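To start, the structure under review is shown below, and the notes come after it.
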Amino acid sequence: MTLVLSALVVGPVQFDSPVWLAIGAGLAGVSVLMARRSIAGLGPVARWVSLGARSLLLMLLFATLAEPQLRRVGKDVAILNVLDASQSVPADLQARVDRFLERSRELDPRDDDRMGTITVGRTAIVQQLPTKSTKLVERQNVGSADATNLASGVRMALALPVDDAARRIVLATDGNETEDSLILAAEAAKAAGVPIDVLPLRFRYDSEVLVDRLVAPATARQGETMSLRAVIQSTKAVSGKLVITLNGQPIDLSGGGAMLGMDVELKPGSNVFTVPVIAPRHGAQEFRAIFEPRMANGRPEGDTVLENNVASAVTFVSGEGRVLVISSSDKESAELVSVLNKAGIRTEEVAPEFAPRTLTEWSAFDAVVLVNQPSFNFSQAQQEEIKRYVQDSGGGLVMTGGPDSLGAGGWIGSPVEDALPVRLDPPQKRQLPKGALVIITHSVEMPNGVYFGKQTAMAAVAAMSRLDLAGIIEYNYNLSGTDWAYPLREVGDGSGIKRAINNLVFGDMPDFTPVVRLAYQGLVKANAGQKHVIIISDGDPQPPPTSLLQEYVNAKITISTVGVFPHSGMDTRKMSDMAKFTGGRHYDVNTQQALATLPQIFTKEAQTVKRPLIWEGEPFSPAIAGGVLDTLRGVKAVPPIHGYVVAADREGLSQVTLRGKENDAIGAQWQFGLGRSIVFASDVSSRWAGDWLSWSGFKGFWEQQIRWAMRPSSSPNVRVTTEVQGAQARIFVDALDTKGERLNFAAFRGRIAMPDGTSQSVEIRQVGPGRYEGVVKNPPPGTSIVGLVYSAPGENGMIEGSVQAAINRPFADEFRVLEDNFALLEQVRSITGGRLLTEDPTKNDLWSRDGLKMPVALRPIWSWLALAAAAVFLVDVGVRRVRVDLLAMARSLQRFISPHKAKESQQIDRLQAARELARQAMASRGDQPVDPQSAGVKFEAEAGAKPAAPIIDATRPTDAKPQPSAEPGKDASGKKDATEGMSALLKAKKRARDEMNE
Amino acid sequence: MNRGCAVPLMLCLAVAAPQLSGCSDSADAKASVIPVRRTIGEVGISPGQFAFPRCLDSDHRSLWVIDKAARVQRLNADTGRALSGWRMPEFAAGKPTGLCVFDPTGRDEDEIVLIPDTHYHRVLIYKPGADGTSENREIGSFGAYGTGPGQFIYLTDVAVLPSADGRGIARLYVSEYGGNDRISIFEPDAAGEFRFVRAFGAFGDSSDAKTIQFSRPQSMEIDVGRQRLVVTDACNHRIGVFTLDGELIRWIPGAGSLTADKTELHDHSELFRYPYGLVLLQDGSALISEQGAARVTRVDLDSGKVLERAGKPGRGEGELITPWGVTVHDGDAFALDSGNNRVLCFPAPLGRLSLAKQDRAAAPHSRRAAPSGGQP
């Protein structure tokens with residue numbers, strides 16, 4: 001018997017409210033005492049039976065109230081491996097762990113035990129659910145390995161479903177966690193009764209060099225000499241080369257020699273090298289310090305981990321602002337660039353393929369102008385950076401129209417659209433021809449194939465307007481096989497089709513024919529101007545018949561095909577032929593790098609159906625809208641345009657400056673985050689705006705537009721420094737006014753753009769005269785860009801400006817560790833009651849039951865006990881109230897079984913009873929022997945006779961029943977005789993009683 | 001079929017029909033779940049686990065499975081425990097989509113495994129190793145990329161015609177797709193090497209006996225007693241019955257039953273949807289797995305009538321997702337439930353048609369089943 005918390009366990013039964021049992025036992029005792037008097041009239045056996053039944057009844061009733069449950073204790077064990085797959089654990093150690101676990105599984109003789117595996121990097125990923133047949137350790141995609149979140153792995157191990165098995169966690173790690181808290185997770189494991197066995201992966205880098213940090217001023221003036229400080233840690237004396245790069249190009253540190261780096265000798269401990277560098281040009285300048293160890297026999301001397309040999313820093317150099325114009329053709333942008341140069345705005349013009357790629361590079365410019373640029377000219381990452389450039393770093397964005405721009409350029413749904421002052425979807429009121437697009441998806445057999453497949457479909461759909469039609473066809477496992485995952489219908493807000501994309505299964509279709517047929521059937525009925533199909537596949541399904549493709553041609557429906565890792569040239573040709581036949585395009589994606597371009601391909605293809613967004617017709621002059629604006633100062637009217645891309649007003653603070661047909665927004669502007677953006681929906685070339693080129697106000701118009709969008713000039717008197725302190729970074733601002741006095745009461749608006757693509761606001765508070773400070777928690781490794789816009793009261797009104805800085809965390813903390821953290825693992829083991837494992841599987845029985853809390857399955861059984869109580873209650877009542885004549889029961893049973901025999905038996909019984917009565921009567925008269933012949937004579941007491949023995953109680957029932965008379969006449973007399981006999985017996989009885997009393 | 005053999009066959013069918021499923025009373029009854037006896041395998045990479053298995057066959061004592069992790073596994077048919085196995089020598093370009101275990105005598109020593117190495121355009125022939133090992137011996141291979149004689153695009157299956165003594169290979173049939181949809185016949189020469197004899201079929205959907213066309217002939221079986229080759233023409237949703245020399249006996253369903261777009265049949269009771277797996281039963285009927293309809297169907301190859309049918313799409317017990325293969329072993333039938341990473345075992349209507357117990361065709365050359373060394 002055991003007591004589990006408040007429950008009482010008796011054998012296989014657990015009572016959750018055992019207090020009822022005690023009450024029941026007490027009441028049973030009382031009941032017994034009370035029942036002794038009430039059942040005194042019963043025979044001894046019946047008395048004890050009654051007492052027992054009543055006691056049992058009470059016990060059962062109270063046991064029912066005690067919430068009884070049947071316990072079934074599990075016998076199996078599930079081992080959940082939590083494996084550290086971060087980069088701090090050497091690869092050979094990870095392989096050894098896998099072998100250890102697999103060998104341990106082999107040694108486990110119990111087939112019903114289970115094993116599951118979770119890997120831990122930045123996040124925890126389940127590699128194998130715990131199953132009986134898992135014998136090998138599986139590591140597929142372990143995710144990002146530049147951080148270690150052991151706590152998430154332990155929590156996931158606690159959350160995984162393991163039925164009827166005790167859980168044990170095996171944690172194989174070096175103990176160097178970079179995120180979350182393993183101790184907290186261990187406490188949760190302890191609370192759940194799950195021990196964590198630790199397999200420490202011991203290592204220590206005796207020879208290691210790491211570039212701890214590169215310190216550069218956050219801001220500098222152009223031409224200023226800055227001092228870069230590279231801090232390098234080393235475990236031993238090592239020689240090597242220090243290389244400093246500026247924006248990727250090595251700086252000559254050798255004094256004009258052939259070698260650009262600087263030979264350095266490191267001593268054990270911290271080494272600081274100072275390098276003077278002249279701030280080269282305006283904008284963000286990225287420096288890197290790289291330590292190159294000397295090589296010996298192909299291996300680095302004195303260094304083990306090379307990933308931590310790089311540190312970076314960014315300095316923002318103030319100077320004259322610059323504007324970047326991105327254009328695919330000189331003809332498109334020549335006039336614009338010309339007028340900007342004439343206006344004294346420093347302008348650089350580049351083709352889209354040379355556009356900046358990082359936020360740091362974008363931030364070097366005060367404004368960016370996209371001249372008739374389609375979205376597919378920019379990667380998804382670049383589009384994200386453009387948005388952050390405006391929102392977080394305060395840059396200006398100007399997008400001019402053209403047949404490949406705005407909504408017609410696939411920008412709908414892109415991150416850049418968020419930054420624009422118009423919505424690129426056409427307004428609801430416009431009756432534009434719709435586009436119709438069908439996407440056909442097929443099994444994408446490559447790493448992360450499903451992920452990329454969904455991303456591409458998302459990109460295509462996102463580029464469509466809400467009135468366009470889109471549908472998705474896939475080959476699924478349902479009976480239909482080929483089916484619409486999303487029927488061809490209006491995109492709307494896109495939520496429905498995006499849900500469908502997330503549910504795509506990317507089945508392995510054997511044949512293109514049914515899907516191509518289904519797409520045709522959908523498109524041919526669609527009310528749309530442009531109809532297009534995109535097929536993504538590895539190309540191995542059977543090709544559709546030419547007759548079907550001819551139907552496409554007849555219906556002016558095009559097919560573009562994207563061959564992703566086709567198995568052979570035959571597959572490529574098959575897909576290419578489909579595209580060529582119908583007038584579409586074919587794309588081959590054969591490398592992992594090319595996979596990243598898939599969304600761009602789909603966006604470009606989706607653009608095929610976006611042509612209706614372009615308005616072209618009789619020239620007209622857009623109307624000037626809005627009030628007095630800086631961008632339209634002095635502009636009374638504008639020349640006519642011949643075309644533009646239709647866009648809709650954006651709600652909020654956007655201001656439309658020019659309006660076109662049906663009140664369409666031709667020009668608009670707004671503030672987005674720290675920056676500003678402008679849209680001009682017509683173009684800046686002779687295609688649509690030929691009259692503008694000869695317009696006298698052309699230069700003034702565009703100069704005002706660009707200057708309004710450009711980032712406010714940064715004051716050299718406002719300097720920003722940043723400092724990383726443990727898990728947080730601090731931003732310090734020292735502000736002076738034009739006279740060199742401390743600038744107080746300035747209001748700062750700040751945003752920080754992280755290298756992982758996220759951004760957040762940062763609060764800057766004044767902490768002293770002219771001194772301001774802000775804190776950023778947990779900035780990720782890499783360069784984070786801080787953008788600050790400020791305004792402060794000055795003598796001549798408000799002083800406004802902007803300033804930028806960078807926070808540098810050179811590499812992940814993962815690479816800072818030089819040895820394992822065994823102490824943490826020992827602590828975790830101690831908290832959870834786990835064991836310290838060694839790498840010898842024969843010395844560690846992972847599946848040992850010791851210290852495990854075996855799972856218990858509980859099944860309520862109160863209903864059984866209630867039924868039993870009801871049965872005992874009947875017994876109790878029966879014993880008290882019902883006399884059981886076993887003989888009569890036997891006879892009844894006999895009669896039931898054999899009616900004839902029973903009848904005979906009855907007669908004999910009657911005769912025997914009568915004889916017995918007679919014999920007793922005779923004996924009472926004088927002990928005369930009974931004449932057997934007279935046994936059948938009915939006994940009748942004589943009047944006045946004195947019985948010597950107690951008179952037989954005539955009221956006692958006898959089994960002898962009166963026989964029905966065969967003759968009706970005799971019936972009455974027989975009855976009378978019986979009555980008389982009875983009264984005589986009663987009289988005799990009375991006499992006997994009287995005599996006894998006397 | 002002559003009347004003499006029709007009568008016993010009909011009797012066999014009548015007896016066997018109720019065993020497959022609860023829908024056996026009529027062929028066009030709605031699909032039901034498969035009456036599963038047991039389930040073998042689960043997702044994973046350990047022995048006995050699968051990563052999208054696509055090939056299934058059986059021998060005298062075990063099941064054979066190849067999955068998309070390119071692992072060839074021999075499994076205990078009762079417990080599912082892995083007995084032995086190995087990984088394909090190359091698999092970056094793709095994994096096999098077919099498997100043929102030639103088990104002429106029911107003894108391990110005579111057994112060979114022929115694998116159509118789909119994306120490497122060749123047939124690999126193995127002698128399996130002992131249980132508990134990953135040993136194997138590649139005893140031959142043939143084939144190269146191309147559309148010429150003896151060349152392949154994407155191989156799908158291999159069928160073996162045994163030699164007269166039952167222990168050797170008289171002829172090999174190799175099916176392929178990828179625009180070169182056909183069946184090539186090879187025979188061993190005196191040196192034991194397989195020589196291309198001829199090929200029949202081309203890509204298309206013709207039902208004409210004179211212009212045999214296939215669209216992905218996915219699997220093949222040989223009925224030695226009846227001297228015929230049975231082929232599942234997967235993307236044309238039909239089964240072809242041929243003589244051993246490649247002459248068409250009949251298509252099932254016959255010509256004219258397919259609509260133009262190949263997605264529907266005029267007679268839905270006879271519908272096959274991507275028949276992928278195939279095994280012949282003792283009465284000459286065929287058990288097929290329909291990859292596109294998630295079911296197992298038994299069909300009379302003489303009348304074309306669907307005798308029994310079970311299975312429906314899903315992940316529950318008795319349900320299937322894209323079943324690629326089917327086989328019969330020791331009174332049990334096995335459906336390769338590829339999408340669910342498992343093999344479903346259910347009562348077999350009849351035993352598998354045995355190569356060893358039938359009349360065998362005489363062949364000009366024959367090659368022993370398991371020669372030691374030598375390039376076939």
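First to last, the sequence lines map onto chains A and B. For the first sequence, the working numbering assigns the number 1 to the initial residue and increments by one for each residue that follows. For the second sequence, the working numbering assigns the number 1 to the initial residue and increments by one for each residue that follows. Every residue gets a Cβ at the ideal spot worked out from N, C-alpha and C, and that includes glycine. From a predicted model like this one, the values you see are computed outputs, not experimental measurements.
Proximal chain B residues relative to residue i, where beta-carbon distance stays under 9 Å
{"i": "residue 133 of chain A", "result": "41, 42, 44, 46, 47, 48, 49, 80, 81 and 82"}
{"i": "residue 109 of chain A", "result": "Those within 9 Å of residue 109 of chain A in chain B number zero; the least Cβ separation is about 14 Å."}
CB contact check: residue i to chain A, cutoff 8 Å
{"i": "residue 156 of chain B", "result": "no"}
{"i": "residue 120 of chain B", "result": "no"}
{"i": "residue 322 of chain B", "result": "yes"}
{"i": "residue 153 of chain B", "result": "yes"}
{"i": "residue 206 of chain B", "result": "no"}
{"i": "residue 274 of chain B", "result": "yes"}
Sequence-distant residues of its chain with Cβ nearer than 7 Å to residue i (five each side left out)
{"i": "residue 23 of chain A", "result": "62"}
{"i": "residue 200 of chain B", "result": "182, 183, 212 and 246"}
CB contact below 8 Å: residue i versus chain B
{"i": "residue 570 of chain A", "result": "yes"}
{"i": "residue 507 of chain A", "result": "yes"}
{"i": "residue 128 of chain A", "result": "yes"}
{"i": "residue 474 of chain A", "result": "no"}
Boundaries (first-last residue) of the beta strand (DSSP E) holding residue i
{"i": "residue 251 of chain B", "result": "248-252"}
{"i": "residue 808 of chain A", "result": "797-809"}
{"i": "residue 777 of chain A", "result": "771-777"}
{"i": "residue 839 of chain A", "result": "Premise fails: residue 839 of chain A is in no beta strand (DSSP E) and is neither H nor E."}
{"i": "residue 670 of chain A", "result": "665-672"}
{"i": "residue 81 of chain A", "result": "76-84"}
{"i": "residue 115 of chain A", "result": "114-120"}
{"i": "residue 688 of chain A", "result": "Looking at the DSSP string, residue 688 of chain A is not in any beta strand (DSSP E); the run it does join, the alpha helix (DSSP H), is 686-693."}
{"i": "residue 565 of chain A", "result": "Per DSSP, residue 565 of chain A belongs to no beta strand (DSSP E) and is neither H nor E."}
Under 9 Å by beta carbon: chain A residues contacting residue i
{"i": "residue 178 of chain B", "result": "540, 542, 567, 568, 570, 571 and 574"}
Where residue i meets chain A, residues with beta-carbon distance less than 8 Å
{"i": "residue 216 of chain B", "result": "510, 511 and 542"}
Per-residue contacts from residue i into chain A (C-beta, under 7 Å)
{"i": "residue 94 of chain B", "result": "567"}
{"i": "residue 235 of chain B", "result": "510, 511 and 542"}
Chain-order list of residues whose beta-carbon lies under 8 Å from that of residue i (same chain, five-residue window excluded)
{"i": "residue 305 of chain A", "result": "205, 208, 210 and 815"}
{"i": "residue 58 of chain A", "result": "24, 27, 28 and 31"}
{"i": "residue 620 of chain A", "result": "640, 641, 660 and 661"}
{"i": "residue 983 of chain A", "result": "none"}
Beta-carbon contacts of residue i that lie in its chain and below 6 Å, excluding the five residues immediately before and after
{"i": "residue 34 of chain B", "result": "310, 311, 318, 344 and 346"}
{"i": "residue 66 of chain B", "result": "55, 72, 96 and 99"}
{"i": "residue 825 of chain A", "result": "175, 198 and 200"}
Start-to-end residues for the alpha helix (DSSP H) that takes in residue i
{"i": "residue 606 of chain A", "result": "598-606"}
{"i": "residue 574 of chain A", "result": "569-582"}
Chain-ordered neighbours of residue i on chain B, where CB pairs are closer than 7 Å
{"i": "residue 136 of chain A", "result": "45 and 46"}
Cβ contact (3+ pairs, closer than 8 Å) linking the stretch 835-851 of chain A and the stretch 223-230 of chain A = No: fewer than three Cβ pairs fall under 8 Å.
Between the stretch 146-160 of chain A and the stretch 185-195 of chain A, do at least 3 Cβ pairs fall closer than 8 Å?
-> The stretch 146-160 of chain A, when compared against the stretch 185-195 of chain A, does touch it at the 8 Å Cβ threshold.
Any contact of the stretch 81-88 of chain B with the stretch 122-136 of chain B, i.e. 3+ C-beta pairs under 8 Å?
-> By the criterion of at least three beta-carbon pairs nearer than 8 Å, the stretch 81-88 of chain B is in contact with the stretch 122-136 of chain B.
At a cut of 8 Å, does the stretch 542-557 of chain A reach the stretch 448-468 of chain A through at least three beta carbon pairs?
-> Two segments are said to touch when three or more pairs of C-beta atoms, one from each, lie closer than 8 Å; by this definition the stretch 542-557 of chain A does not touch the stretch 448-468 of chain A.
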